[in-house]
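S.K.: Here it is, the structure, as structure tokens.
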Amino acid sequence: MAIVRKQCLEVVPPTPPPLPGPATKCRRKGLFMMNNGNSSVSTATRDMWDNLFDGGFRADVTITTDNGGIIYAHAALLAMASPVLRHILKQAKGSGRKRSISIPGVPHDAVRVFIRFLYSSCYEQEEMKELVLPLLVLSHAYVVPQLKRVCEQQLEDGLLTLENAIDVFQLSLLCDAPRLVLISHRMILRNFKAVSATEGWHVMKKSHPVLEKEILESMIYEENMRKEKIRESNERKIYLQLYDAMEALIHICRDGCRTIGPCDKDFKEDQEPCTYAACKGIELLVRHFAGCKLRVPGGCIHCKRMWQLLELHARLCADPSLCRVPLCMNFKEKMKKQGKKDEMRWKMLVKKILSTKRIGGAPFFVSSSSISL
Ligand SMILES: [Zn+2]
Ligand SMILES: [Zn+2]
Ligand SMILES: [Zn+2]
782 MAIVRKQCLE VVPPTPPPLP GPATKCRRKG LFMMNNGNSS VSTATRDMWD NLFDGGFRAD
842 VTITTDNGGI IYAHAALLAM ASPVLRHILK QAKGSGRKRS ISIPGVPHDA VRVFIRFLYS
902 SCYEQEEMKE LVLPLLVLSH AYVVPQLKRV CEQQLEDGLL TLENAIDVFQ LSLLCDAPRL
962 VLISHRMILR NFKAVSATEG WHVMKKSHPV LEKEILESMI YEENMRKEKI RESNERKIYL
1022 QLYDAMEALI HICRDGCRTI GPCDKDFKED QEPCTYAACK GIELLVRHFA GCKLRVPGGC
1082 IHCKRMWQLL ELHARLCADP SLCRVPLCMN FKEKMKKQGK KDEMRWKMLV KKILSTKRIG
1142 GAPFFVSSSS ISL
């Protein structure tokens, strides 16, 4: 027996696993069914469950809905599909084996689509489009996670609109659907003008003024965050420019470039094109500094800038004994006599400049981690 089974295993290849996907079309026109990786249930079986619901063969539960609607169903199936319905059925009154329960507060059609889903996991796309919000509420209230997932996915994939964004936001808060809360909230903030003109917004304003206040506050917060991001980005650009200037300064004083450089350096006519972005600017500044009559701190604005760059260099310089940048050692000496407040200010600046580059400043600059604030 064992041998026969082994042969069977070798000859018959295993059934390939089903392809994942949110929904596949049922054989019946217009119907969608869940494909939660369990497509081993044949379409015929699904059709049978659907027919059982539609035909109501030996149905033993009457579900009453708003405006006197009635839906027939099977207690055993409802109890299996939803723990909440199981509990309600246990306590339901009824004569003999027939029981009656009520699902109020949502349109009759939503209850019908909901109960059909419990039978066959099928739904019509048109009905889903129209009833997705009450279906979300029903799936949450009666604890049917498969349907809840479908509703969340459908909203995310296009049923969430500017028109229903406020309703979706409120319902997803009530139905504990955090991803949907986030997505609808984001949509509200990004399209505030359009959303605040919708009926849903006006209704919420009256019924949940606290929620309205919270949304407005989050708008202000988002706006401030946006401004802060712009400010940080501009600040980063400045620090990056300073870093480039510091690199170009070292490069000019060490290697020389184009028309200037250390006196022991020969200048070739056919120099390689310079790769330092800030080199040209620093070259012009150094040339000006060399020739300016007002070459004192606070004299001319170009010289003032040069002084600042030289001082900044000294703050960043890793080894003044090997450094060829003018006045590096002098500034290092001056640093020893500076006040606590000044020291702090410079250290912060240096740290910010160094942090603009992921790789630290080595070998010419001190490392960012060595600066204690
Ligand atoms: Zn250069
Ligand atoms: Zn000058
Ligand atoms: Zn130096």
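Heads up: the sequence shown begins at 782 in our numbering, then just goes up one per residue.
Note that the Cβ used here is the ideal one computed from N, Cα and C, for glycine as well.
As the structure is a prediction and not an experimental result, all values here were calculated from the model.
(1) Going by the C-beta, is Y1024 closer than 8 Å to any heavy atom of ligand 1?
(2) Starting from E905 and walking both ways along the beta strand (DSSP E), at which residues does that stretch end?
(3) Less than 8 Å between the CB of P1101 and some heavy atom of ligand 3, yes or no?
(4) Pull up the DSSP beta-bridge partners for F1146, would you.
(5) Leaving out five residues before and five after K879 in sequence, what residues of the same chain have Cβ atoms less than 8 Å from its Cβ?
(6) Measure the alpha-carbon distance for V918 versus N1005 and round it to whole angstroms.
(7) Just how far apart, CA to CA, sit G802 and D890?
(8) Per DSSP, what are the beta-bridge partners of V842 in this structure?
(9) In three-state terms, what does DSSP make of C1109?
(10) So is A1099 in contact with chain D if we call contact Cβ pairs under 9 Å?
(11) Cβ of R1086 within 8 Å of any heavy atom in ligand 1?
(12) Alpha helix (DSSP H) containing E1004: first to last residue?
(13) Roughly how far, in whole angstroms, is the beta-carbon of L858 from the beta-carbon of Y900, given that I think they are within contact range, below 8 Å?
(14) Return yes when the Cβ of D948 is within less than 9 Å of the Cβ of V981, no when it is not.
(15) According to DSSP, is C1073 part of a helix, a strand, or is it coil?
(16) Thinking C-beta only, is V931 closer than 9 Å to V865?
(17) Regarding H1094 and ligand 2, is the C-beta to nearest heavy atom distance less than 8 Å?
(18) Using the C-alpha atoms, what's the distance from P1043 back to C1034?
(19) Could you give the uninterrupted runs of the beta strand (DSSP E) lying entirely in the segment 886–968, keeping only those of 3 residues or more?
(20) Quick check: what's the CA-CA separation for L1030 versus V991?
(21) Please determine whether the Cβ atom of L1075 lies at a distance below 8 Å from any heavy atom of ligand 2.
(22) Hey, would you say the C-beta of H1083 is under 8 Å away from at least one heavy atom of ligand 2?
(23) Using DSSP's beta-bridge definition, name the partner residues of C1038.
(24) Would F898 be called buried (16 or more neighbouring beta carbons within 10 Å of its own) or exposed?
(25) Near ligand 1, which residues have their beta-carbon closer than 6 Å to a heavy atom?
M.R.: Based on what the coordinates show:
(1) no
(2) 903–905
(3) yes
(4) C1098
(5) D841, V842, T843
(6) 35 Å
(7) The pLDDT assigned to G802 is 46, lower than 50, so where the model puts this residue is not dependable; a value taken from the coordinates is nonetheless given after this. Cα to Cα, the separation comes out at about 27 Å.
(8) A854, R880
(9) helix
(10) Structure shown: chain D not included; a single protein chain is present.
(11) no
(12) 990–1035
(13) 6 Å
(14) What sits at residue 981 in the sequence shown is Gly, not Val. Yes, these two residues count as a Cβ contact at 9 Å.
(15) coil
(16) no
(17) no
(18) 6 Å
(19) 903–905
(20) 58 Å
(21) yes
(22) yes
(23) I1041
(24) buried
(25) H1032, C1038, C1055, Y1057, C1060
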